[in-house]
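The block underneath contains the structure these notes are about, expressed in structure tokens.
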Amino acid sequence: MEPSSQKPGGCCHGASSNPGGCCKSKLAEPKIEYGGCQNNSDDEYSQTEHKAVEIKSSQPSNKKKPKREIDDLEEIKAEGIEDLQEKFKHLKISKKLKAKLLKEEEERQKLRDYDPKIHCLKCKVVEASLVIRGDKMCEPCFSQSTIHRFKTSLRTNLKIWKDDMNLMCVSGGPNSMSMLHLMYTSLFGKAQRKLFFKVHVAHIDESVIYNWSEEKRQEQINLIVNTCQEYGFNYTIIPIENVFNIECLNPNTKEHTCVEEEKREIINQVFESNHENREKLVELLRYPSGICSNKEDFVFFLKKWVLLDFALRFEFKKLLLGCTGLSVTAKVMSDIAKGRGLSMPNNVSFVDDRYLEEIKFMNPMKDFLYNEINEYIRMNNVVHSGKNEPSLIDLKKGKTLPGGGSMNILCESFVTTLQDSNAQTMHTILRTLNKLNTGGAAGQEKVFCVLCYGIADNPTNLLEVGSHIKSVALDGKCTLMENGEKDTWDTDFEQHLCFGCKRIMENAVDKNKLIELLPPFILNSAGLL
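So in this note's numbering, spot 183 of the sequence shown is number 183, and the numbers just go up one at a time.
Now the structure itself:
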């Protein structure tokens with residue numbers, strides 16, 4: 001009998017196991033450890049296979065550890081991988097950094113494909129269709145840029161903040177109607193960083209000045225009403241002849257108070273015209289000189305007084321005007337030529353606060369050019385009356401004077417011609433005017449004209465006084481001889497006027513009649529009533 005080949009503590013099949021018998025035995029229930037034989041294993045289970053399993057199990061795991069997420073751009077640069085897709089393949093990059101890398105790659109691709117003769121300067125992808133200030137732009141970028149500049153002007157230059165009550169002065173022309181559309185887009189549009197303040201629209205009915213028919217007057221009013229209803233703005237239509245109903249002595253009186261019921265009454269209202277006041281205004285406008293500039297200035301002053309009175313009565317702090325850079329530049333240049341240069345710093349700035357500390361006239365459109373306004377109107381189908389302001393040239397006899405006798409139109413034409421040849425003309429003029437100062441003495445109280453509320457000055461030489469001077473007293477007071485009698489150059493009323501408004505009185509058809517027909521509050525301010 002051959003000796004058994006079973007090893008102590010092992011199995012006859014050569015498998016290493018705990019003591020307890022053969023792995024084939026049903027009586028034995030061996031506890032198999034690592035490398036041992038298993039129950040019901042085949043006879044072909046060789047020792048070599050056991051050793052292979054043992055060697056494989058003893059080797060360390062080659063499974064890769066998870067990549068550490070990279071969120072620093074410098075770490076990615078240190079890896080030395082240039083291709084973007086290779087970076088994403090071999091490196092674990094955070095979502096935020098991946099988005100940043102994709103954006104940078106997109107910008108680099110834009111620069112590689114960008115052709116300044118064809119593509120938009122801003123996005124560098126779409127072909128340009130507009131030329132603005134010498135730069136080529138596509139329509140989406142131009143629209144986005146225009147809205148952004150308007151909102152920046154409101155926040156930065158005008159300091160308009162949340163819950164401010166603002167009065168938008170809309171005439172129906174392209175400038176004011178485009179401002180109305182920009183305001184609607186800024187408040188209710190899809191643009192980012194919307195504005196949150198209150199807006200009320202005021203329109204001055206000037207039909208009596210231009211002798212419009214009732215049909216044309218109603219057409220103009222319907223334009224304002226329908227636009228405000230479409231945009232969701234409250235509105236008030238005020239006849240310009242209401243200037244005769246103003247009771248304040250001057251804008252620095254704070255007698256204008258109203259209760260909440262009165263504030264609600266002006267919402268979406270069209271004030272009816274008073275026939276008696278209309279006749280007074282028609283009679284008043286007969287006496288300024290036939291030169292168009294004098295009548296234009298007169299109408300402009302009356303409109304500002306009506307708006308100022310309305311704002312004071314119903315507690316509007318800021319009045320927004322639709323004056324673009326062209327209109328501001330032309331107005332300032334014409335005022336200097338007319339003798340109102342002392343008011344230039346107020347006229348050229350974004351904010352005109354000379355009327356009252358609480359009331360400010362503002363120009364949010366001052367940085368816009370006329371061709372930018374035209375393009376914006378075309379792109380957004382903004383409805384307007386066709387002209388920024390009706391012209392008074394047709395009301396005078398003879399149209400042979402330069403600019404039709406209007407200094408404003410003449411200066412506007414001059415600036416437009418220069419602007420067409422050099423895109424930076426208007427901004428150069430405005431920057432230069434901003435640097436000029438009237439040089440008044442520090443702490444000196446300013447005296448304001450009772451008609452235009454510009455800064456009034458005192459004549460210091462004969463050229464300023466005029467050509468009627470006959471003698472100069474030793475105390476420097478200028479006098480004249482009229483009908484053989486010695487008299488002062490100024491009447492009692494003219495002493496309260498600025499140099500430009502004195503010229504209106506001097507050139508009037510009948511100076512005494514013109515003064516007599518002025519609104520009562522102006523005469524009160526001069527101490528004549």
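Note that the Cβ used here is the ideal one computed from N, Cα and C, for glycine as well.
Task: Residue range of the unbroken alpha helix (DSSP H) whose run includes residue 164 - done: Unbroken run through residue 164: none, as it is neither H nor E.
TODO: Compute the Euclidean distance between the alpha carbons of residue 351 and residue 105, then round it to the nearest angstrom.
DONE: 44 Å
Task: Presumed contact (8 Å Cβ cut-off) between residue 319 and residue 167, rounded CB distance - done: 5 Å
TODO: To the nearest angstrom, report how far apart residue 122 and residue 383 are at their CA atoms.
DONE: 28 Å
Open item on the list: In the DSSP assignment, the beta strand (DSSP E) including residue 205 goes from what residue to what residue?
Closed with: 198 to 205
Task: Simplified DSSP state of residue 127, which is helix, strand or coil - done: strand
Open item on the list: Beta-carbon within less than 7 Å of residue 522's beta-carbon, same chain only, minus the 5 sequence neighbours each way: which residues are those?
Closed with: 450, 451
Open item on the list: DSSP three-state label for residue 368, please.
Closed with: coil
Task: Complete alpha helix (DSSP H) runs within the stretch 279 to 322 (minimum length 4 residues, chain order) - done: 292 to 313
Open item on the list: Tell me the rounded alpha-carbon separation between residue 517 and residue 295.
Closed with: 15 Å
Open item on the list: Rounded to the nearest angstrom, what separates residue 264 and residue 234 at their Cα positions?
Closed with: 10 Å
Task: Per DSSP, the bridge partner or partners of residue 179 - done: For residue 179, which the question treats as bridged, DSSP gives no partner whatsoever.
Task: Alpha-carbon spacing of residue 161 relative to residue 194, whole angstroms - done: 12 Å
Task: Top-ranked residue by Cα proximity to residue 270, from 329, 211, 201 - done: 201
Task: Test item: CB-CB of residue 498 and residue 454 under 8 Å - done: yes
TODO: Check whether the Cβ atoms of residue 328 and residue 303 lie closer than 8 Å to each other.
DONE: no
Open item on the list: Using the Cβ count rule (16 or more neighbours within 10 Å means buried), how would you classify residue 99?
Closed with: exposed
Open item on the list: For residue 130, which residues in the same chain have their Cβ closer than 8 Å to its Cβ, ignoring the five residues on either side in sequence?
Closed with: 136, 137, 138, 139, 142, 375
Task: For residue 422 and residue 149, the rounded distance between their alpha carbons - done: 22 Å
Task: From 208, 215, 317, residue whose alpha carbon lies closest to that of residue 285 - done: 208
TODO: Excluding the 5 residues preceding and the 5 following residue 380 in the sequence, name in chain order all residues of the same chain whose CB lies nearer than 7 Å to its CB.
DONE: 181
Task: Sheet register partners of residue 236 (DSSP bridge) - done: 202, 269
TODO: Go ahead and label residue 419 buried or exposed: buried means 16 or more other beta carbons lie within 10 angstroms of its beta carbon, across all protein chains shown.
DONE: buried
Open item on the list: Short of 7 Å in beta carbon distance, which residues of its chain neighbour residue 132, apart from the five on each side in sequence? Order them along the chain.
Closed with: 142, 372
Task: Where the beta strand (DSSP E) through residue 361 begins and ends - done: 360 to 362
Open item on the list: Classify residue 213: buried if its beta carbon has 16 or more other beta carbons within 10 angstroms, exposed otherwise.
Closed with: exposed
Open item on the list: One question on the structure: do residue 205 and residue 238 come within less than 8 Å of each other, judged by their Cβ atoms?
Closed with: yes
- [ ] Verify the contact flag: residue 184, CB atom, against every heavy atom of the ligand SAH, threshold strictly below 7 Å.
- [x] No copy of the ligand SAH occurs in the structure displayed, which carries no ligand at all.
- [ ] Would you kindly report the start and end of the unbroken beta strand (DSSP E) that includes residue 135?
- [x] 135 to 137
- [ ] Output yes or no for whether 8 Å exceeds the beta carbon distance between residue 547 and residue 289.
- [x] Residue 547 cannot be examined here, being either before or after the span of the chain that is shown, 1 to 529.
Open item on the list: I need the straight-line Cα distance from residue 145 to residue 210, nearest angstrom please.
Closed with: 37 Å
TODO: Give the secondary structure of residue 448 by DSSP, where H, G and I count as helix, E and B as strand, and everything else as coil.
DONE: strand
- [ ] Determine the DSSP secondary structure at residue 352, reduced to helix, strand or coil.
- [x] strand
Open item on the list: I'd like the span of the alpha helix (DSSP H) that includes residue 231, first residue to last.
Closed with: 214 to 231
Open item on the list: Given this structure, state the Cα-to-Cα distance separating residue 468 from residue 495, to the nearest angstrom.
Closed with: A caution first: residue 468 carries a pLDDT of 45, below 50, which makes its placement in the model too unreliable to give a value.
Open item on the list: Just to confirm my understanding: we take residue 310, look at its own chain, exclude 5 residues before and 5 after, and list those with CB closer than 7 Å. What are they?
Closed with: 202, 238
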